Each structure stands twice: as C-alpha cells, then as structure tokens.
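In our numbering, each number is its position in the sequence shown, counted from 1, plus 60.
Backbone N, C-alpha and C fix where the C-beta goes; we use that ideal spot for every residue, glycine too.
Predicted model only: the values in this text are computed from it and were never measured.
Heads up, the thing below is written out as structure tokens.
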Amino acid sequence: MSDFKNKIKHLREDFNRYKIDFKNLPEHPLSLFDKWMEQALNENKEANAFVLSTVSNKNIPSSRVLLLRDFDKKGFTFFTNYNSIKSNDIENNNYVALNFYWPEFQRQVRIVGKAEKISNLDSDKYFSSRPRESQLGAWVSEQSTVIPLDTAFANKMENMESKFEGEKVERPLYWGGYRVTPISIEFWQGRPSRLHDRVRYTLDKRKWKSDRLSP
Ligand SMILES: Cc1cc2nc3c(=O)[nH]c(=O)nc-3n(C[C@H](O)[C@H](O)[C@H](O)COP(=O)(O)O)c2cc1C
C-alpha cells in the first residue's frame, strides 16, 4: 500500500474546540445557522459552499457543490441552470438535502427541505448583480450537456460579447434561483473521543422542535 493510503487510515483529529450549549438552544434553527455561518465566513471565504443532493427519476442520488447566495427564515437560496441535471432531478422530486462542512470549526450542518424556483424578478435582481463575464457565461453554457472535446469557449464568449455589445446582459430564462424551505436542520459539532454534539431541529405543526441526537 502506498504511504499516503496508509496515512489516511491513521489520520486522527481530535475535536475539542467548541460545543453545543444544549441548555440554551435558540428556538429557531436559523439563529444558530446564522451564527455558525458568520463564524465560518470569517475564517473561510468559501464557507457558503455546500453539497446539494438530489434524486433522479430512477431513484439514483447525485451530489454536487454549490454556493449559497442567500438565506433567511423562509429558506436557503442558490442559483443554477434550470436545464441542468440537478434541476431535472428537482422537477421530479423537490425534496433535497444540503450539507455544509466547516472544518475550521469542526462543524457540519445537514438540511433537508423542498426546493422551489424563486420569482423571475428575484432571479433577475441577482443575475444583474453578477460580473458581466459570469452573465455571458450563463448564456454560453448549456450546463451538464455533453459537448465536443474541442469546444472553444473563448470563441463562444467573444460571439456572445458582440451580441450584447453596449447592452445590458439579460438573464437567460433557463438560469435562476431555487429556495429550499427546510423541514429539518441538524447541527453537528465535533467533540473529543468521537462523542460529538448533535442537535436536530424538525418542523412539527409549523413550530420548530429540537432533539439531541446520539453521536
Ligand atoms: C466551489 C464550487 C461552487 C459551485 N457553485 C455552483 C453554483 O452556485 N451553481 C451551479 O450551478 N454550479 C456550481 N458549481 C458547479 C456544480 O458543482 C456542478 O458541477 C454543476 O452545477 C452541474 O451540476 P449538475 O450536473 O448536477 O446539475 C460549483 C462547483 C464548485 C466546486
């Protein structure tokens, strides 16, 4: 076995930097998410990256990294291509899972919820705030389709630039946001001896209830 594979087997990090205060849990999970996200972002400028898992119409799961662009009590918003694989999956089954991992804090957050497209107006607003290159990129890419090996995006970008020259780049209708309305949010805090702190909030008759889970 190569050295690094042997290393993986024996890598052990003890988790002892933070804990969950089970006696003073906020009523709404968003308060805790807000605090953890703010702390994570102070340490890592990509702390808004998360893994989104969806299920296909053949019940095959699929995960990919996305960036969270907004969140509030109504839900968690990300942007993507509405013709992509993830969007097709959501069309078929809009229950999705989000997973944030913040190694700097030995923390994980697991969210389950229902994804729905946000309004065209809200997608327009966000799209117009993106750098022009990203806006053009959205026009150039048919996300998740198979393309020829010799595809030259530089040429396609140039063509797109001349198409929109001197004009605002409109949002392609196939590009926009989803908001995930959560039904369950689990907070996981690494602790010594693998006896981690876990609290799971679940929606019960429109009210959040919290339960401590065994590590
Ligand atoms: C750090 C990081 C951030 C990403 N952010 C996004 C994003 O916000 N939206 C998006 O559509 N794809 C994003 N991607 C690309 C996705 O992981 C994925 O490749 C793409 O959305 C196609 O996924 P699909 O074929 O499952 O639909 C990101 C990838 C990485 C590694």
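task = Check whether the Cβ of residue 126 lies closer than 7 Å to any heavy atom of ligand 1, and answer yes or no.
result = Position 66 of the sequence shown, counted from the first residue, corresponds to residue 126. Residue 126: yes, Cβ under 7 Å from ligand 1.
Practice problem: Identify whether residue 101 lies in helix, strand or coil by the three-state DSSP scheme. | Solution: Start at 1 with the first residue of the sequence shown, and residue 101 comes out as number 41. Correct three-state label for residue 101: helix.
*Residues near residue 263 in its chain [Cβ-Cβ closer than 6 Å; skip 5 each side]*: For the purposes of this step, residue 263 is taken as residue 203 along the sequence shown, with counting starting at 1. Setting aside the 5 residues that flank it on each side, residue 263 is surrounded in the same chain by 243, each with a C-beta closer than 6 Å to its C-beta; the list follows chain order.
Please find out if some non-hydrogen atom of ligand 1 comes closer than 7 Å to the beta-carbon of residue 262.
Taking the sequence shown and counting its residues from 1, one reaches residue 262 at position 202. Not under cutoff, so the answer is no.
| task | Flag this pair as yes or no: are the beta carbons of residue 80 and residue 171 separated by less than 8 Å? | result | Translated into positions along the sequence shown, residue 80 becomes position 20. Translated into positions along the sequence shown, residue 171 becomes position 111. No, these two residues do not count as a Cβ contact at 8 Å.
(request) Flag residue 151 as yes when its Cβ comes closer than 7 Å to any non-hydrogen atom of ligand 1, and as no otherwise. (result) Numbered from 1 along the sequence shown, position 91 holds the residue referred to as residue 151. The answer is no for residue 151.
Original post:
Should residue 157 be counted as a contact of ligand 1 given a C-beta to heavy atom distance under 7 Å?
Top reply: Translated into positions along the sequence shown, residue 157 becomes position 97. For residue 157, the shortest C-beta to heavy atom distance toward ligand 1 is 7 Å or greater.
* Any chance the CB of residue 222 is under 7 Å from a heavy atom of ligand 1? -> The sequence position of residue 222 within the sequence shown is 162, counting from 1. No, the Cβ of residue 222 stays beyond 7 Å of every heavy atom of ligand 1.
| request: Check the C-beta distance from residue 240 over to residue 156 and give it rounded, since I have them as a contact under 8 Å. | output: Your numbering for residue 240 matches position 180 in the sequence shown. Your numbering for residue 156 matches position 96 in the sequence shown. Right, their Cβ atoms sit about 6 Å apart.
Could you pull the start and end residues of the alpha helix (DSSP H) that residue 197 belongs to? As a first step, residue 197 must be located in the sequence shown, where it is residue number 137. For residue 197, the enclosing alpha helix (DSSP H) starts and ends at 192-200.
Residue closest to residue 140, alpha-carbon to alpha-carbon, out of 274, 194, 63 and 85:
For the purposes of this step, residue 140 is taken as the residue at position 80 of the sequence shown. Considering only alpha carbons, the answer is 194.
Quick one: complete alpha helix (DSSP H) runs, 4+ long, within the stretch 203-228?
Considered as a whole, the stretch 203-228 harbours 213-223 as its complete alpha helix (DSSP H) runs of no fewer than 4 residues, in chain order.
*May I have the straight-line CA-CA distance separating residue 111 from residue 159, to the nearest angstrom?*
On the sequence shown, residue 111 is found 51 positions in, with the first residue counted as 1. On the sequence shown, residue 159 is found 99 positions in, with the first residue counted as 1. Each residue's alpha carbon lies about 5 Å from the other.
Query - Completely contained alpha helix (DSSP H) runs for the stretch 97-142, where each covers 4 or more residues - result: The qualifying runs do not exist here; there are none.
Review point. For residue 251, which residues from the same chain have a beta carbon less than 6 Å from its beta carbon, with the 5 sequence-adjacent residues on both sides left out?
Key: For the purposes of this step, residue 251 is identified with residue 191 of the sequence shown, where counting begins at 1. Here the set comprises 75 and 257.
* Figure out for me which residue from 142, 83, 151 and 248 has the closest Cα to the Cα of residue 199. => Sequence index remark: in the sequence shown, residue 199 carries index 139 (1-based). Ranking 142, 83, 151 and 248 by CA distance to the CA of residue 199 puts 142 first.
Original post:
Can you name, in chain order, every residue of its own chain whose Cβ lies under 8 Å from the Cβ of residue 101, other than the five neighbours on each side?
Top reply: Position 41 of the sequence shown, counted from the first residue, corresponds to residue 101. Cβ neighbours of residue 101 within its own chain (closer than 8 Å, five residues either side excluded): 107 and 108.
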